[in-house]
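Worksheet: one structure, shown below.
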Amino acid sequence: DPVLFLEHKHLLRQPYTRDPYPDEGYVIPFGRGRLAAEGDDLTIVTWGATVQKSLQAVEQGGLSADVIDLRTLVPWDQELVAESVRKTSRVMVVHEDVRRGGFGGEIAAWIADELFWDLDAPVARVAAKDCHVAYEPTLEYAILPQVEDILDTARSLLAA
35 DPVLFLEHKH LLRQPYTRDP YPDEGYVIPF GRGRLAAEGD DLTIVTWGAT VQKSLQAVEQ
95 GGLSADVIDL RTLVPWDQEL VAESVRKTSR VMVVHEDVRR GGFGGEIAAW IADELFWDLD
155 APVARVAAKD CHVAYEPTLE YAILPQVEDI LDTARSLLAA
């Protein structure tokens, strides 16, 4: 019964990820996401480094959006996502994996299957380009999803 936790190296160097140590015995509830921001018009489902980028997009764009940080992927918090999508009727999945074959496609497919009648627009996705991620900073920036990509997709989804 091995369990793997993969931490994003970028997050280890960011000041916004620094928190005081929790009380002894605290654990993140496995399979439970957290609502990182609350809004009424859009649901953004995300995890890892794109949580902060999604929060920045919401703030910069003046959007009213639920930003859900899944925290774990297997299992992932379907109940929290469903509750939010039923409230907002619009959803986008944002992640750093490639679009083709990335886990975000599984989440988008589940939403389309299970919540179709609650949606007012297609499920949108923001992901990395379908190529290897370069180490050179400007190429990495061009390949991975950025705040502008999230904001552009959110605005398109809200206009649909």
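Residue numbers are given in this note's numbering: position 76 of the sequence shown equals residue 110, and the series is strictly consecutive.
For each residue, glycine too, the CB sits at the ideal point set by N, CA and C.
Given the structure is predicted, the values throughout are model-derived calculations rather than measurements.
Among all the DSSP beta bridges, which residues are the ones paired with residue i?
i, result
"A71", "V101"
"I78", "V101, M126"
When you compare each of the options to residue i by their alpha carbons, which one comes out closest?
i, options, result
"V160", "P56, Y169, G138", "G138"
"P63", "A176, L178, L107, R134", "L107"
"E140", "Q94, E170, P109, K121", "P109"
"E148", "R133, H129, E117", "E117"
"S123", "D100, R105, Y175", "D100"
"A91", "V181, H42, A70", "V181"
"P49", "E174, Q94, Q86", "Q86"
"V79", "I145, S190, A71, M126", "M126"
"Q94", "V61, I145, L185, G73", "L185"
"A70", "D183, R105, Y175, V61", "R105"
According to the Cβ coordinates, are residue i and residue j closer than 8 Å?
i, j, result
"D131", "A162", "yes"
"G67", "L38", "no"
"A142", "V157", "yes"
"L89", "D75", "no"
"W81", "D57", "no"
"T84", "P171", "no"
Quick one: residues in its chain with C-beta nearer than 6 Å to the C-beta of residue i, no 5 flanking neighbours on either side, listed in chain order?
i, result
"R134", "D164"
"G73", "S98, A99, D100"
"W144", "none"
Spatial neighbours of residue i within its chain, please: C-beta separation below 7 Å, excluding the five flanking residues on both sides.
i, result
"A194", "A155"
"L191", "L76, R124, M126, A155, A158"
"D183", "V160"
"I177", "A162, K163, C165, V167, A168"
Suppose the cutoff is 8 Å on Cβ atoms and the five residues either side in sequence are ignored; what does the same chain contact list for residue i look like?
i, result
"R120", "L149, D152"
"G65", "T106, P109, W110, D111"
Any heavy atom of the ligand COA inside 7 Å of the beta-carbon of residue i?
i, result
"A194", "This structure simply doesn't include the ligand COA, nor any ligand for that matter."
Where are the alpha helix (DSSP H) runs, 4 residues long or more, that stay fully inside the stretch 94-170, in chain order? Correct list: 112-122, 137-148.
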